[in-house]
Amino acid sequence: MTAVSPDVGASETRPKPSGKKVQNLTGGWPVAFWFLLPSMVGFLVFFLLPTIRGFYLSFTDWNLIGNNGKFIGLENYEKLAGDDQFYASMWRTLKYVVINIGSQTVIAVLIASMMDRLTRSSVIRGALLLPWLMPNVVVALLWLWMLDGSIGVVTEFLKFIGFSDDLAFFTDTGKVIPTIAAINTWKYMGYTALLMFAGLQTIPGTVYEAAAMDGATEFQMFRKITLPLMRPVLALVLVITMIGSFQVFDTVLVATGGFGGQPGGPVNASKVIYLYIYQNAFNFNDLGYAAALSVILVLILIIVTFFQLKLLRAGESDLA
Amino acid sequence: MEEISNMLREIKKLRLLAVLAAMALAAAACGSDGDDAAASLDEPVTIDYWLWDGNQQPFYETCAADFTANVQPNVTVNIEQFGWGDYWTGLTAAFASDSAPDVFTDHLARYPEFVESGVLVSLNDFVERDGVDVNQYFPGLAELWTSPDGDRFGLPKDFDTIAMVLNTDMLADAGISVDDFNNATWNPQDGGTWGELIQRLTIDANGVRGNEDGFDSSNVAVYGFGLEGNFGAFGQTTFSAFAASNGYQATDEPWADSANFGDEALIETIQWFADWIAAGYITPIEDVESLGGTTIFQNGGAATQTNGSWMISTLSGDATEVPVEYGALPVGPIGERRSMFNGLADSITTSAENPEAAWEWVKYMASPACQEVVGGGAVVFPAIPSAADIAEAAHASNGVDVSAFKVHVDEGTTFLFPITDSASRIEDAMGPVMQQILRNEGTAADLIPPAAEEINSILGS
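Those protein sequence lines, which keep their order, are chains L and C.
For our numbering, count along the first sequence from 1 and bump the result up by 1269.
For our numbering, count along the second sequence from 1 and bump the result up by 1.
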C-alpha cells in the first residue's frame, strides 16, 4: 500500500484560488445547468420518478388493469418472505448467473489478452462484437431454431457426429438454464472482451518487454502480469456484467415455454426472477407485489455490487 | 410466422415500456380526467374495436361497413387485429394507460379478471332498454357472460367445440375408417377401442405398427395421436374431452370458490396420457412444445389429433397437404362423448368515450344481420343457430364436413368452459405440474393433489 495519500500533497501545493477564478467558476454554473438539463430531465422522468413510484407501489395492492390500489403497508413484503416461488426463482437466477458470468469472464479474459498480445486486427475485433450487435430477440429466436430437438441444425449436426437422441435443449428441465446461459455467454463475450481489452491497453508494454528479456513464456506473462494488472478493469466489468446477468429476461421470454405455453418452462425450470416479476405484474395484474419483488432485487444487487467492489479492491491499481 | 409474431411481441414490449414510463409521468403530472363525453349519436364518432383472429377480420369489416351504411350513419368502426399472445399483453397495457379500445373481443378465461378490475361496462341497462333477446343464442352461451352479481358483460358472438382431426391417408393405410372413430370408446385403463385405433395408426422407424410384435417405442416415425399443445390447467383442446367423458368437471359452477382438480377422474386421465406417451403411441410433450402440435400433425408426424372448430379453415385450407376429415370424440366411461363448449363475446370497456355508440356496435355484432355475414365466411360458428347453419352450409360447399363439431351442440353433449376469477393463477399452479407428469418425471397421483389444494386456496381467498 502506498504510504502517502496523493490528495494531501496535492492540496498543499495547489495555489490559492484568486477571487477572479472563483467568480469564473460560479459564473459557469448557469451554463453547466443548461448543458446538464437534457440528461437531468431524462434521469428524472425515466429513472428517478419511476423508482420512487415503484417504491411506493410496493406498499400498495395496485391492480395493473384497474389502475388503482390502496396502501397496505408491509403486506407485500410479508407475503414475499414466505413465497416459495420467489426463493425458487432467485435460486434459478443464481444458477444462471454463475454459469453465465463464470464462462463469459474466463472466455473474455482469454480473448482480450489474445487480442492484446497476438493480433491487433480490427477485422477480428469487429467480428468478435457481431453477436453483441444483434438484438436479443433475434439471438434468442436464432438459437431456439438452431437448437430445436426435431429440426435444429445444431442438433442435426450433433446427431451426425454420433450423439444419440435426447438432444432437447429448451424443452429439458435440466438443460434449459445452462442453454440460456451459454447463449448469452456467446452473445456478450466479445463485448466483455473488448471492455477488458481497453483495460489491458493501460498496462505499459515495457513490463512485457522486461519479462520477455527475463525469458518468461507467454503463459507466465499472462498469469503474472496481465491478470494482476487488469484487476481494476476486471472488477468493473464483473460488476456491470453481473448486474446485467441478474436481469436476464428477454431470452427466457422468447425462447422458453414453447408454442402457446407460458414462458419460464418447462416445469418452471427457467422461471427466473425477472420473469416472475413480469408475471405478477402482467399476468396476475398484481403490480404492488411485482414492485415489492423489484425493490428486493435492487437491494440484493446493491449488496452484491458492494461486496464485489470491496473484495476486488476496484479502486486501487497495482500499477501505481 | 412464429418469428414475426415473436418480433411483434417484442415491439409490443417496447411499446409497453413506453406506456409504463408515460404512466409514471401521467400519475405524477395530473389526475385522471373524469369527464365523460356526452353519450350521443348525433355527432360523428369512431369506435375502436379489437379482435385477434385475422381470419375473421374481413367479415367483421363487412359488418362494420353495413353497420355504418344501414344502422348508425354517424358511427364509424375502426377494427384492429393482433395475434393471440400480443392481444392480451396489448390489452393489459392499454387498460393500464387508459387507452383501451371501446369494444373488444373477450374470452371466458380472461373476462372475470377484467370484471374484478372494474374495467368492463355492465350491459344490463342497455339490454333491458332495447329489449335484446338473450335467448336467441345457443342455450347457455349468454349466461356465461353474467357475473354472480347478475351483471352482463358481453353479448355472444360465436361458439366453439372440439372434435377428432383425422389424417385420412394414414387411416386408409391402416384400414381404418372415419366411422371407426365415430363409434370408438375410450377409458383410462386400457384406452378402449379408441386406444386400439391409435395403436394401429402408430408406426415405428422400421414400419412396424404399434399393435404388432417388435414395435420399437423408442424410435417412432408416426404417432397414432398427437397432442395439440401443452395441457395447461383446463386442456381445452387436449385432455378436457377425455377427462369429462370420464366424469370429471373442473368446477361445479361458474365463479365457484373451489375446483375439483383433485378428482380421481382427472388424475387417471392425465396418467393415462403420460403412460401412452411413454409407450410411444402419443407425441412426446417435448416435441409438441418445440414444434407445436398442429405443425406435427400437418407434417405427418401424428395420424390424429383433437382440435377446436376455430382451426377448421387452417386444417382444411388450400395450403395444407394433409387430407383431413373430422371425426367424433370417443365415448368415455360415462357412456357419452363430451366437448368443451366455449364462446366469445364482445365487451365494452370503461374507457369507451361514447358508450351509447359502443353499445350500438356490440348489439349489431350480436344480431343475425352480422352473425350471418360471419357465418358465411366459414371461419367460426356464430352464436345464433340460424347463422351457425349458414356456417355449416358454407363449410359443406367447400367440401368440408363439420358435423363432428356441431353434433355436440345438437345432442347437448357439451360442458361449459370453467369460468373462474383466477384463471392465470390456476394456469400457473397446474400448468407446470402437467408438463412434469407428461414428461414422466412424476406421477399424476403424487403431483396433482398438492396443486389442486393450492388452487382451492387461491379460489377460496
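Note that beta-carbon positions come from the ideal geometry of N, C-alpha and C, so glycine has one too.
Terminal residues of the beta strand (DSSP E) in which residue i lies
i                          : result
glutamate 159 of chain C   : Sequence check: residue 159 of chain C is aspartate here, not glutamate. 156–161 is the extent of the beta strand (DSSP E) around aspartate 159 of chain C.
valine 133 of chain C      : Unbroken run through valine 133 of chain C: none, as it is neither H nor E.
serine 340 of chain C      : 340–349
isoleucine 48 of chain C   : 46–52
asparagine 1345 of chain L : Here asparagine 1345 of chain L belongs to no beta strand (DSSP E); instead the alpha helix (DSSP H) covers 1344–1350.
isoleucine 80 of chain C   : 76–82
valine 401 of chain C      : No beta strand (DSSP E) holds valine 401 of chain C; DSSP gives it neither H nor E.
leucine 417 of chain C     : 415–417
Minimum Cβ-Cβ distance from residue i to chain L less than 8 Å
i                            : result
threonine 252 of chain C     : no
leucine 109 of chain C       : no
phenylalanine 216 of chain C : no
leucine 292 of chain C       : yes
arginine 426 of chain C      : yes
serine 148 of chain C        : no
aspartate 90 of chain C      : Sequence check: residue 90 of chain C is threonine here, not aspartate. It does; some Cβ of chain L falls within 8 Å.
glycine 318 of chain C       : no
glutamine 200 of chain C     : no
aspartate 447 of chain C     : no
aspartate 99 of chain C      : yes
phenylalanine 240 of chain C : no
proline 451 of chain C       : no
threonine 415 of chain C     : no
proline 356 of chain C       : no
phenylalanine 262 of chain C : no
glycine 155 of chain C       : no
Interface flag, residue i vs chain C, CB-CB below 8 Å
i                             : result
phenylalanine 1439 of chain L : yes
asparagine 1369 of chain L    : no
asparagine 1453 of chain L    : no
valine 1445 of chain L        : no
aspartate 1352 of chain L     : no
asparagine 1345 of chain L    : no
serine 1433 of chain L        : no
proline 1286 of chain L       : Low confidence applies to proline 1286 of chain L: its pLDDT is 49, below 50, so where it sits in the model is not reliable, and the reading given next is rough at best. No, proline 1286 of chain L lies away from the interface with chain C (no Cβ there is under 8 Å from its Cβ).
phenylalanine 1324 of chain L : no
glycine 1311 of chain L       : no
proline 1275 of chain L       : Model confidence at proline 1275 of chain L stands at a pLDDT of 42, short of 50, so the residue's coordinates are unreliable; what they give is reported in the following sentence. It does not: the Cβ of proline 1275 of chain L has no partner Cβ on chain C nearer than 8 Å.
glycine 1459 of chain L       : no
phenylalanine 1551 of chain L : yes
glycine 1484 of chain L       : no
serine 1358 of chain L        : no
serine 1419 of chain L        : yes
Residues bridged to residue i (per DSSP)
i                         : result
methionine 165 of chain C : C:Thr307, C:Gly328
arginine 210 of chain C   : C:Ile204
glutamine 57 of chain C   : DSSP lists no partner for glutamine 57 of chain C.
leucine 121 of chain C    : C:Thr350
proline 383 of chain C    : C:Asp159
arginine 153 of chain C   : C:Thr147
isoleucine 283 of chain C : C:Phe226
aspartate 463 of chain C  : This structure does not reach residue 463 of chain C, given that chain C is present from 2 up to 462, and the question cannot be answered.
threonine 1329 of chain L : L:Phe1340
threonine 186 of chain C  : C:Val332
Proximity test, residue i beta-carbon vs the ligand MN heavy atom, cut-off 7 Å
i                         : result
threonine 1525 of chain L : No copy of the ligand MN occurs in the structure displayed, which carries no ligand at all.
Residue i: first and last residue of the uninterrupted alpha helix (DSSP H) it sits in
i                          : result
threonine 93 of chain C    : 85–97
valine 1422 of chain L     : 1422–1429
asparagine 1554 of chain L : Note, asparagine 1554 of chain L: premise wrong, no alpha helix (DSSP H); not H, not E.
glycine 1395 of chain L    : 1391–1402
tryptophan 1412 of chain L : 1405–1415
threonine 1374 of chain L  : 1353–1386
alanine 101 of chain C     : Where alanine 101 of chain C is concerned, there is no enclosing alpha helix (DSSP H), given that its DSSP letter is neither H nor E.
Exercise for the section: Quick one: which residues of the region 1328–1341 of chain L get their C-beta closer than 9 Å to a C-beta of chain C? List them in chain order. Expected result: Asn1332, Leu1333, Ile1334, Gly1335, Asn1336, Asn1337
Problem - Segments of 3+ residues assigned as beta strand (DSSP E) that fall wholly inside the region 219–267 of chain C - result: 221–223
Exercise for the section: Compile a chain-ordered list of the residues in the region 1554–1573 of chain L whose CB is closer than 7 Å to at least one CB of chain C. Expected result: Asn1554
Exercise for the section: Ignoring anything shorter than 3 residues or poking outside the region 1455–1491 of chain L, list the beta strand (DSSP E) runs there in chain order. Expected result: Within the region 1455–1491 of chain L, there are no complete beta strand (DSSP E) runs of at least 3 residues.
Problem - Proximal residues, the region 1369–1391 of chain L versus chain C, C-beta separation under 9 Å - result: none
Handout entry: Short-range partners of chain L found in the region 108–135 of chain C, where Cβ spacing is below 9 Å
Key = The residues in question are Glu114, Phe115, Glu117, Ser118, Gly119, Val120.
Handout entry: Members of the region 282–314 of chain C near chain L, C-beta cut-off 7 Å
Key = Glu287, Asp288, Glu290, Ser291, Leu292, Gly293
Practice task
Using a Cβ-Cβ cut-off of less than 7 Å, list which residues of the region 223–248 of chain C approach chain L; keep chain order.
Solution key: Gly230, Asn231
Practice task
Output, in sequence order along the chain, the residues in the region 67–93 of chain C whose CB is closer than 7 Å to any CB in chain L.
Solution key: Result list: Thr90, Thr93.
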